[in-house]
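Structure first, then comments.
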Amino acid sequence: MEPLKTKIKRRWIGIDGGGSKTSCVIGDEQGNILSFAKGSSSNIHGTPPQQVYQTLTQLIEKVMDDSQTSINHIEGIYLCLAGADREQDQKVIKDLLKNTPYEQKIKLRSDAEAALASGTWGQSGILLIAGTGSIVYIVSHETNKKLRVGGWGYLLGDEGSGYYIGQKALRAIMKAYDFRGQDTLLTSLVLDHFKLHQVPELLKLYSVENFIPDIARISEFVLIAAKKKDAVAIEILEDAVFELLQMVKVAYQYHSINKELTLVLHGGLFLDEYLKELFLKNLKQIIGDVQYVQPKIPAVFGAYLLAIKDSGLKIDENIKRNIETSWNEINQ
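Here this note's numbering = 1-based position in the sequence shown + 8.
See the structure below:
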């Protein structure tokens, strides 16, 4: 009688890393997520390289330990990190992880690819991110094209983003203060948020070390004011939606993208029904009928999806169901 053969465990790791946090998952070939972990920023442009190294390696080690997985069981590790679509940044990240046990297992992709995959299950599509920043990212497996529109950061771009909206709100408050603009509810909302008494005290924002998230968070108060019919807030949001639509329009017009490709709406701004409806109403008017989706799973699961797909596994309904179930259990 032949001895029973032990089935070798096959595991894949997905990592999604941005400017504020990094998420990591490990899963099997059936779509079961075995461990989920979070760490600090892994953006090499805003975080010291040694800290990025520690964040990435500690997260990998944690999910492997939690799932009782050895390096021999790892089929692939997809690092989907901010800036990882640029060759120069890829070299920096690869050098960081040189001579680690994971070096040969790693593939680098941008965080936008992970976000897109979380909405299309790894298929072709167009991603629009509207969160702290903004970008349109296009992946067409049929033509082997990967293109981007926008995503140039708060100094050079990020039109329509939370930061963009927040900055517009601050400027509107200052204009109202010295009678260059009309009064707005934003003044009291923002002052209360920062626990300030007078508009000039907003100058303290210049001394905040990591001011980008603070300014992006002001977009929440613009939404509140707009729902109360504040004309200034409504104008700011209409302008932001216009900028987001221009990026999507360019993706269709100048990059010959098929309108049948799914548009994935990603980022915190689209979690607000007011802004989402404003966007969709104008989307139909400017571009026409476009199929859109909001992901049911986070971007880090998209990184894991790309990893298993790269190994030749078909993303079937069973895998999708298991991934969604895993996320619902984690998110309870």
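Every residue, glycine too, gets a C-beta built ideally from N, C-alpha and C.
Because the structure is a prediction, the values reported are computed rather than measured.
Problem - Gly22 and Leu314 closer than 9 Å at C-beta - result: It is a contact, given that the beta carbons lie within the stated cut-off.
Practice task
Closer than 7 Å by C-beta to Lys113: which residues in its own chain qualify, once you throw out the five before and the five after it? Chain order, please.
Solution key: Ile82, Gly84, Ile85
Practice task
Between the Cα of Leu271 and those of Lys203, Val33, Leu291, spot the shortest distance and give me the residue it belongs to.
Solution key: Leu291
Handout entry: Nearest-angstrom Cβ-Cβ length linking Ile173 and Ala248, presumed shorter than 8 Å
Key = 5 Å
Problem - Endpoints, beta strand (DSSP E) assigned at Arg225 - result: No beta strand (DSSP E) holds Arg225; the alpha helix (DSSP H) holding it covers 219-225.
Problem - Whole-angstrom distance between Asp186 and Val301, CA atom to CA atom - result: 43 Å
Problem - Same chain, Cβ closer than 6 Å to Glu111, neighbours up to 5 away in sequence not counted - result: Excluding positions up to five away in sequence, the list reads Leu105.
Exercise for the section: May I ask which residues mark the beginning and end of the alpha helix (DSSP H) holding Asp200? Expected result: Looking at the DSSP string, the run of the alpha helix (DSSP H) that includes Asp200 is 194-201.
Problem - Backbone secondary structure at Val216 - three-state DSSP - result: Of the three classes helix, strand and coil, the one that applies to Val216 here is coil, per DSSP.
Exercise for the section: Could you tell me which residues DSSP puts in a beta bridge with Lys153? Expected result: Ser148
Exercise for the section: May I ask you to check if the CB of Leu291 is nearer than 8 Å to at least one heavy atom of the ligand GTP? Expected result: The ligand GTP is not among the ligands present in this structure, which contains no ligands whatsoever.
Problem - Proximity winner among Met255, Asp280, Phe309, Trp20, relative to Ser142 (alpha-carbon distances) - result: Met255
Practice task
Out of Gly35, Ala122, Leu273, state which residue places its alpha-carbon closest to the alpha-carbon of Val298.
Solution key: Of the listed residues, the one whose Cα sits closest to Val298 is Leu273.
Handout entry: Pairwise C-alpha distance: Glu228 and Lys183
Key = 20 Å
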